[in-house]
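Visitor: Those letters in the sequence shown? Residues 3 to 394, per my numbering, in order. Just so it is clear, CB atoms sit at the ideal spot from N, CA and C, and this is done for glycine as well. One structure, as structure tokens, below. Some questions next.
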Amino acid sequence: MTPDDLIADALRNPGFRRATFAGVPRGGPCPWVRVVVRPVELRGERHLQFSYFDQRKDVTRNYRPGELAEPLGELLAARFSGIHLTTATEEIDVRTSKKGKVHVGRRQAAGGDTPLSHNRVKDVPLPEGRADRLLEVMGVMDAAGRVKPTMRAKFTQINEFLKHLSHVLDDAGLRSLGRPVDILDCGCGSSYLTLAVHHYLNDVLGIPARILGVDVNDEVVRKSATKADRLGAVGLNFAVGKIGELDAKPDVVLALHACDTATDDALAQAVRSEAKLLLSVPCCHQHLNRQLKAERAEVLRPLLRHGLMHQRAADLFTDTFRALTLRMAGYKTDVVEFVGTEHTPRNLLIRAVRGAPPDPQFAREYHELKRFLGVTPYIEAALGERFPAVAE
Ligand SMILES: C[S@@+](CC[C@H](N)C(=O)[O-])C[C@H]1O[C@@H](n2cnc3c(N)ncnc32)[C@H](O)[C@@H]1O
Numbered sequence: 003m004t005p006d007d008l009i010a011d012a013l014r015n016p017g018f019r020r021a022t023f024a025g026v027p028r029g030g031p032c033p034w035v036r037v038v039v040r041p042v043e044l045r046g047e048r049h050l051q052f053s054y055f056d057q058r059k060d061v062t063r064n065y066r067p068g069e070l071a072e073p074l075g076e077l078l079a080a081r082f083s084g085i086h087l088t089t090a091t092e093e094i095d096v097r098t099s100k101k102g103k104v105h106v107g108r109r110q111a112a113g114g115d116t117p118l119s120h121n122r123v124k125d126v127p128l129p130e131g132r133a134d135r136l137l138e139v140m141g142v143m144d145a146a147g148r149v150k151p152t153m154r155a156k157f158t159q160i161n162e163f164l165k166h167l168s169h170v171l172d173d174a175g176l177r178s179l180g181r182p183v184d185i186l187d188c189g190c191g192s193s194y195l196t197l198a199v200h201h202y203l204n205d206v207l208g209i210p211a212r213i214l215g216v217d218v219n220d221e222v223v224r225k226s227a228t229k230a231d232r233l234g235a236v237g238l239n240f241a242v243g244k245i246g247e248l249d250a251k252p253d254v255v256l257a258l259h260a261c262d263t264a265t266d267d268a269l270a271q272a273v274r275s276e277a278k279l280l281l282s283v284p285c286c287h288q289h290l291n292r293q294l295k296a297e298r299a300e301v302l303r304p305l306l307r308h309g310l311m312h313q314r315a316a317d318l319f320t321d322t323f324r325a326l327t328l329r330m331a332g333y334k335t336d337v338v339e340f341v342g343t344e345h346t347p348r349n350l351l352i353r354a355v356r357g358a359p360p361d362p363q364f365a366r367e368y369h370e371l372k373r374f375l376g377v378t379p380y381i382e383a384a385l386g387e388r389f390p391a392v393a394e
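In structure tokens form, the structure reads like this:
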């Protein structure tokens, strides 16, 4: 069987789940940088949905099984260098070298059938129990689709984060931008979240998205870029730098466990660039903890006497100032539980969607709380010249 026959058979197979055509088009100039094919059910009938991506836009077309010959022929003629197919029983890789040599890799997939649904957010964005190349490259799963025991907490965190993201896509107007969504992942570290968000939006939900992961640590940035290359991901970039110092104007700002004041820098970046959405799970809190003293807020002495409660109070006050600042800046802001404490003790998620009417009450609350505690939250320094206008 030729590689083309293998691909055509896999797409026509009732157990077909997904195919990604990416990498260099060895067949000559091609308008698309990536094409994703997946089964969808439309008006009760099975179709194959072809999503064609270039750097700026995407085009989606749906075909019945009997209409596949032409789009499939065109796609195969492009001879993308990296093709990955998933069926109910197999993971198939078709790689074409510069010299045109084709290598086919096949391995068994674990897991049962996925129900078809059009644009439906599944209960778990990235399910386990079946092989998943993304999660394998990330080092979260093994080749049989089993989550590695040491990566269980990270796997759960990623899925929960994606669920939170999916819940606010419409509120933030991100499905209808008419162009790819620009996302900045602040303090991306080993880029688990960055890679997962890129895959989830582009390949699972079919929302074109470009992501820039930024981190001060050049070593993790280098490793992340290597992973993105291995995945053949388009519109996924990494940069070494401090949050807030890059020239970026993202639609969405993400910050998962960005250390101490790095979370404030991410919030300030969102406000300055008028991002439509911010999702931030703060990490360690030190800045306000150092300023919080019973001598400045005598009534809190019984609480601040105990180190553990002192730290927790400082955490809560810091996040209170952050949530208030976002409200003052015109964001509809919620604070919700990110994930169960058994997966991470840092489990508070600040979710802010731009477009709430201004209310001077929030600035009054901010200044009163600040006076009462005798502290200056770091968010003010992070916002710099922008803070007075926000806090009016
Ligand atoms: C705890 S890790 C979280 C990584 C990733 N977001 C995750 O949840 O897997 C925090 C990351 O933030 C980075 N970081 C801390 N302060 C930063 C700053 N001011 N600008 C950019 N990155 C920063 C660190 O280098 C580290 O990689």
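Given 8 angstroms as the limit, is there contact between the stretch 256 to 265 and the stretch 275 to 287, that is, 3 or more CB pairs closer than that?
Guide: By the C-beta criterion, the stretch 256 to 265 is judged to be in contact with the stretch 275 to 287, since at least 3 inter-stretch pairs fall below 8 angstroms.
Visitor: Please go through the stretch 19 to 75 and give each complete beta strand (DSSP E) segment of 3 or more residues, from N-terminal end onward.
Guide: Here the runs fully enclosed are 36 to 44, 47 to 55, 60 to 65.
Visitor: Between A264 and M153, what straight-line distance do the alpha-carbon atoms span, to the nearest angstrom?
Guide: 24 angstroms
Visitor: Among A365, G342, T343, which residue has its Cα nearest to the Cα of L328?
Guide: A365
Visitor: I'd like to confirm something about A270: is its beta-carbon nearer than 7 angstroms to some heavy atom of ligand 1, or not?
Guide: no
Visitor: Threshold first: 4 residues or longer. Then list the alpha helix (DSSP H) segments lying entirely within the stretch 142 to 173, N to C.
Guide: Fully enclosed alpha helix (DSSP H) runs of no fewer than 4 residues occupy 154 to 170 of the stretch 142 to 173, in order along the chain.
Visitor: Checking the sheet assignment: what are the DSSP bridge partners for S282?
Guide: A257, I352
Visitor: Whose C-alpha, out of K156, C190, R324, D336, is nearest the C-alpha of Y446?
Guide: Because the chain is modelled from 3 through 394, residue 446 falls outside the range shown and cannot be assessed.
Visitor: Relative to the C-alpha of L326, which residue among L306, E339, E367, G309 is closest?
Guide: E367
Visitor: Can you name the residues that DSSP bridges to K334?
Guide: V355
Visitor: Name the residue from R97, H86, K101 whose alpha carbon lies nearest to the alpha carbon of R136.
Guide: Looking at the sequence shown, residue 136 is not Arg but Leu. The shortest C-alpha separation from L136 is found at H86.
Visitor: Does D184 come out as helix, strand or coil in the three-state DSSP assignment?
Guide: strand
Visitor: Given T320, which residues of its chain have a CB within under 6 angstroms of its CB, disregarding the five upstream and five downstream residues?
Guide: Exclusion of the five residues before and after T320 leaves H287, L290 as the residues of its chain whose Cβ lies within less than 6 angstroms of its Cβ.
Visitor: Distance check for V218 and R122, CA to CA, integer angstroms please.
Guide: Bear in mind that a pLDDT of 39 at R122, under 50, signals an unreliable position, so the model cannot answer this.
Visitor: Thinking E92 and R108 are a contact (beta carbons under 8 angstroms), I'd like their distance in whole angstroms, please.
Guide: Between E92 and R108 the beta-carbon gap is near 6 angstroms, inside 8 angstroms, which marks them as a contact.
Visitor: Check whether the Cβ of H287 sits closer than 7 angstroms to any heavy atom of ligand 1, and report yes or no.
Guide: Within the chosen limit of 7 angstroms, ligand 1 does not reach the beta carbon of H287 with any heavy atom.
Visitor: Any chance you could list the residues with Cβ under 6 angstroms from a heavy atom of ligand 1, keeping chain order?
Guide: G189, C190, G191, S192, Y194, L195, V216, D217, V218, N219, V222, K244, I245, L258, H259, A260, C261, A264, D267, C285
Visitor: Please report the distance separating the alpha-carbon of K244 from that of A331.
Guide: 22 angstroms
Visitor: DSSP three-state label for L371, please.
Guide: It is helical.
Visitor: So, under 8 angstroms CB-CB, V106 and L8 are touching, yes? Tell me the CB distance rounded to an integer number of Å.
Guide: Contact between V106 and L8 holds, since their C-beta atoms are separated by about 7 angstroms, short of 8 angstroms.
Visitor: Within the chosen definition, does the stretch 227 to 242 reach the stretch 164 to 180 through at least 3 CB pairs nearer than 8 angstroms?
Guide: no
Visitor: Rounded to whole angstroms, what's the CA-CA distance from L179 to L294? Just pull it up for me.
Guide: 43 angstroms
Visitor: Compare the beta carbon distance of G25 and G75 with 8 angstroms and say whether it is the shorter of the two.
Guide: no
Visitor: Between the alpha carbons of D144 and I213, how many angstroms are there, rounded?
Guide: Cα atoms of D144 and I213: separation of roughly 25 angstroms, rounded to the nearest angstrom.
Visitor: DSSP three-state call for E92: helix, strand or coil?
Guide: strand
Visitor: Assign T335 to one of two classes, buried (16 or more other C-beta atoms within 10 Å of its C-beta) or exposed (fewer than that).
Guide: buried
Visitor: Helix, strand or coil, according to DSSP, for R212 in the structure here?
Guide: Taken through DSSP and simplified to helix, strand or coil, R212 comes out as strand.
Visitor: Below 6 angstroms CB to CB, which residues in the same chain sit around C190 once its five sequence neighbours on both sides are set aside?
Guide: T196, G215, D217
Visitor: Quick check on the burial criterion: 16 or more other C-beta atoms within 10 angstroms. Buried or exposed for L310?
Guide: That one is exposed.
Visitor: Have a look at V341 and E162 and give me their C-alpha separation to the nearest angstrom.
Guide: 6 angstroms
Visitor: Going by C-alpha distance, which of V61, V42, N15 is nearest V35?
Guide: Comparing Cα-Cα distances from V35 to each of V61, V42, N15, the minimum goes to V61.
Visitor: Bridge partners of D217, per DSSP?
Guide: V242
Visitor: From this set, R353, E382, R298, which residue's C-alpha is nearest R274's C-alpha?
Guide: E382
Visitor: On the premise that T322 lies in contact with L269, defined as a C-beta separation below 8 angstroms, what is that separation, rounded to the nearest angstrom?
Guide: Under the criterion of beta carbons closer than 8 angstroms, L269 and T322 do not qualify as touching, at roughly 13 angstroms.
Visitor: On the three-state DSSP scale, how would you describe H308?
Guide: coil
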